[in-house]
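In full-length UniProt numbering, the protein residues as written are 1 to 382.
Okay, here's the thing in C-alpha cells:
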C-alpha cells in the first residue's frame, strides 16, 4: 500500500536504501513479536515436529526478518517508480498492517499511478516465485529442513501479500490499479476514486465479517487480525476519497478567498479579566489576534490564559502572556488551501491568522473549510 499515513516522520529511523529513508512505526514491533511468537510456537512446530525450542525460535526470527525485508522491497518498488515519474517521495515506513511508501503528491496521470501501484504486488509475486524455486533446488540438494521450512513460509507469505494487494479495493495497490484504469477510461479522477474507494469499503466490511466468523470458530488471533485489518481498510477508503475531493475542490486556490476578514482583535494593554468578559464571553472565539498601532504583534488564546491564576487576571495584561509573531499559526494570504490544511493537521490546530503584505487580513478556520468540503461532497453525491 502506498498511502500517506502514518506520517513520514513517525517512528524509528532505521537506514537509507537507494536514497529513501526507511522508518519503523512502533506498531511494527508488536507485529514482529506476534509473528515471531506465532511462527515459533505454532506454525513451524506443526511443519517440523520434535525440534528443539531454540530452533523454532530461530526459525521464527528468520521468518520475521524475511517478512521485514520483503515488505521493505515491496514498498521500495513503489518509491522507485514514483521517483522515476517525478513524484516527491518521503521514504518508507513499516507499521502494524504492512508498509507505506510516502507520497508528497499523487500521481499526475493514470499511467504513472498504474505502474507505481502494480509494481509492488508484481514484485511480491516474483519474490514468491523465487522462493518456490529455491525450495525445489533445496529439496534436490537436501538442504537443512528448518531452512527449507523458513523459505517455504517466505514463499507463501509473499504470494499472499502479492495476491491480497491486487484486490480492487482502495487504498490497496489493486484499488489504485483499478482507479487508474477507471481514470484512464473516463478521464475523471474524482469519479474513479469514488468507485475504487467503494470497493475498499466493501472489502473492509468483508474482512470484518470474516474476522468475526473466525473469532467465533475458535481462531481468535486471526479473527481479531482480520477484523482490525478490515476496519483499517474501510476507514482509510472513506478518508482517501475525501482527501482527493479536497485536493480537487481547492486545486491551487489560496486561502485569501476563504479567510474571514475584519476579525475581532484585541490590544496589548487589555487585562485578562477584560479580555475574558468583553471578548471570550461575548464573541466565543477561541483565539484573538493582538494588534498594536495597526500592526499585528501576536495572538492570545485560552491556552495562554488558563495558565494564569484567576486571582491575577485583573493585573496581568494581554501583552504579558500573548504569543508574539512570527508564529506557526500565522500565514500569508497567498498560501494554498492544501498547504494550510496540512499545517493545521500537522499542528493539531483549528484556526490560523492570515496576513497580507505584513498586515492582518483575517482568520482561517478548519470548521469553515470542512463546511465547504461538506457542501461539495453533497453536490458530488447527487
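Glycine included, C-beta positions come from ideal geometry on N, C-alpha and C. Given the structure is predicted, the values throughout are model-derived calculations rather than measurements.
- Counting only the same chain and skipping the five closest in sequence on each side, list residues whose C-beta sits under 6 Å from that of residue 2. Here residue 2 is taken as the residue at index 2 of the chain shown, counted from 1. Its pLDDT being 44, under 50, residue 2 is placed unreliably in this model, and the value from its coordinates should be taken loosely. Closer than 6 Å at the Cβ level, and outside the excluded window around residue 2, lie 78, 101.
- Would you mind sorting residue 133 into buried or exposed? The rule is 16 or more other CB atoms within 10 Å of its CB. For the purposes of this step, residue 133 is identified with residue 133 of the chain shown, where counting begins at 1. Counting Cβ neighbours within 10 Å, residue 133 comes out exposed, since fewer than 16 surround it.
- Pick out the complete beta strand (DSSP E) segments inside the region 142 to 208, 3 residues or longer, and give them in chain order. none
- Query: Roughly how many whole angstroms lie between the Cα atoms of residue 286 and residue 355?
  - Reply: Numbered from 1 along the chain shown, position 286 holds the residue referred to as residue 286. Numbered from 1 along the chain shown, position 355 holds the residue referred to as residue 355. Each residue's alpha carbon lies about 18 Å from the other.
- Message: Short of 7 Å in beta carbon distance, which residues of its chain neighbour residue 20, apart from the five on each side in sequence? Order them along the chain.
- Response: Within the chain shown, numbered from 1, the residue matching residue 20 stands at position 20. Excluding residues within five positions, the ones whose Cβ falls inside 7 Å are 76, 79, 89, 91, 92.
- Just how far apart, CA to CA, sit residue 52 and residue 236? Along the chain shown, read from residue 1 onward, the residue named residue 52 stands at position 52. Along the chain shown, read from residue 1 onward, the residue named residue 236 stands at position 236. Approximately 43 Å between the Cα atoms of the pair.
- Outcome for residue 345 when other beta-carbon atoms lying within 10 angstroms are tallied against a minimum of 16: One-based indexing of the chain shown puts residue 345 at position 345. It counts as exposed.
- Message: Counting beta carbon pairs with one atom in the region 277 to 296 and one in the region 318 to 329, are three or more of them shorter than 8 Å?
- Response: yes
- Item | Exposure label - residue 12; buried when at least 16 CB within 10 Å | Taking the first residue of the chain shown as 1, we reach residue 12 at position 12. Its Cβ having fewer than 16 others within 10 Å, residue 12 is exposed.
- Between residue 35 and residue 62, which are expected to be in contact by the criterion C-beta below 8 Å, what is the C-beta distance as a whole number of angstroms? Working through the chain shown from its first residue, we reach residue 35 at position 35. Working through the chain shown from its first residue, we reach residue 62 at position 62. The pair is not a contact, with the Cβ atoms about 11 Å apart (cut-off 8 Å).
- Message: Is the beta carbon of residue 214 closer than 8 Å to that of residue 229?
- Response: Mapped onto the chain shown, residue 229 falls at position 229. Mapped onto the chain shown, residue 214 falls at position 214. Against a cut-off of 8 Å, the Cβ pair of residue 214 and residue 229 comes out as no contact.
- Residues that DSSP places opposite residue 13 in a beta bridge: Your numbering for residue 13 matches position 13 in the chain shown. DSSP lists 23 as partners of residue 13.
- Item | Per DSSP, the bridge partner or partners of residue 101 | Here residue 101 is taken as the residue at index 101 of the chain shown, counted from 1. Beta-bridge pairing links residue 101 to 92.
- Message: Quick test of your reading: residue 165 and residue 108, contact by CB under 8 Å. State the CB separation rounded to the nearest angstrom.
- Response: Within the chain shown, numbered from 1, the residue matching residue 165 stands at position 165. Within the chain shown, numbered from 1, the residue matching residue 108 stands at position 108. No, residue 165 and residue 108 are not in contact; Cβ-Cβ is about 22 Å, not under 8 Å.
- Distance, Cα to Cα, residue 148 vs residue 33? The residue given as residue 148 occupies position 148 in the chain shown. The residue given as residue 33 occupies position 33 in the chain shown. Straight-line Cα distance between these residues: approximately 22 Å.
- What residues match up with residue 288 in a beta bridge as DSSP calls it? Here the question's residue 288 lines up with position 288 in the chain shown. DSSP output for residue 288 lists 300 as bridge partner(s).
- Query: If you draw a straight line from the alpha carbon of residue 325 to that of residue 245, how long is it in whole angstroms?
  - Reply: As a working mapping, residue 325 is identified with position 325 in the chain shown. As a working mapping, residue 245 is identified with position 245 in the chain shown. Rounded to whole angstroms, residue 325 to residue 245 spans 33 Å at the Cα level.
- Message: With a threshold of 8 Å, are at least 3 pairs of Cβ atoms found where one atom belongs to the region 168 to 175 and the other to the region 110 to 123?
- Response: yes
- Task: Please look up how many angstroms separate the CB atoms of residue 31 and residue 135, rounded, as I've assumed it's under 8 Å.
- Result: Locating residue 31 in the chain shown gives position 31, counting from the first residue. Locating residue 135 in the chain shown gives position 135, counting from the first residue. Wrong, their Cβ atoms sit about 25 Å apart, outside the cutoff.
- Message: For the alpha helix (DSSP H) containing residue 56, name the first residue and the last one.
- Response: As a working note, residue 56 is residue 56 in the chain shown. Counting along the chain, the alpha helix (DSSP H) containing residue 56 begins and ends at 53 to 84.
- Task: In angstroms with no decimal places, state the Cα-to-Cα distance between residue 250 and residue 46.
- Result: Taking the first residue of the chain shown as 1, we reach residue 250 at position 250. Taking the first residue of the chain shown as 1, we reach residue 46 at position 46. Distance between the alpha carbons of residue 250 and residue 46: 56 Å.
- Task: With DSSP as the reference, please indicate the residues paired to residue 385 in a beta bridge.
- Result: The structure shown does not extend to residue 385, since the chain is modelled only from 1 through 382, so no value can be given for it.
- Task: Over the uninterrupted beta strand (DSSP E) stretch that includes residue 352, give me the two end residues.
- Result: Within the chain shown, the letter at position 352 stands for residue 352. Counting along the chain, the beta strand (DSSP E) containing residue 352 begins and ends at 351 to 356.
- Message: Buried or exposed for residue 183, going by 16 or more other Cβ atoms inside 10 Å?
- Response: Working through the chain shown from its first residue, we reach residue 183 at position 183. Residue 183 is buried by the Cβ-count criterion.
- Task: For residue 257, write down the residues that DSSP places opposite it in a beta bridge.
- Result: Looking up residue 257 in the chain shown gives position 257. Paired residues: none, contrary to the question.
- Run the CB neighbour count on residue 452, radius 10 Å, all protein chains shown included, and call it buried at 16 or more, exposed below. Since the first residue shown for the chain is 1 and the last is 382, residue 452 is missing from the structure and cannot be characterised.
- Message: I need the straight-line Cα distance from residue 353 to residue 338, nearest angstrom please.
- Response: On the chain shown, position 353 is the one that residue 353 refers to. On the chain shown, position 338 is the one that residue 338 refers to. Taking the straight line from one Cα to the other gives about 16 Å.
- Message: With DSSP as the reference, identify every bridge partner of residue 460, one or two as the case may be.
- Response: Outside the displayed span of the chain (1 to 382) sits residue 460, for which this structure offers no information.
- Item | Under the three-state DSSP convention, the category residue 363 falls into | Numbered from its first residue, the chain shown carries residue 363 at position 363. DSSP places residue 363 in strand when its eight states are reduced to three.
- Query: By how many angstroms is the C-alpha of residue 202 removed from the C-alpha of residue 234?
  - Reply: Locating residue 234 in the chain shown gives position 234, counting from the first residue. Locating residue 202 in the chain shown gives position 202, counting from the first residue. If I take the Cα positions, the gap works out to 8 Å.
- Please classify residue 309: is it buried, with 16 or more other beta-carbons within 10 angstroms of its beta-carbon, or exposed? Residue numbering aside, residue 309 sits at position 309 when the chain shown is read from its first letter. Residue 309 comes out exposed.
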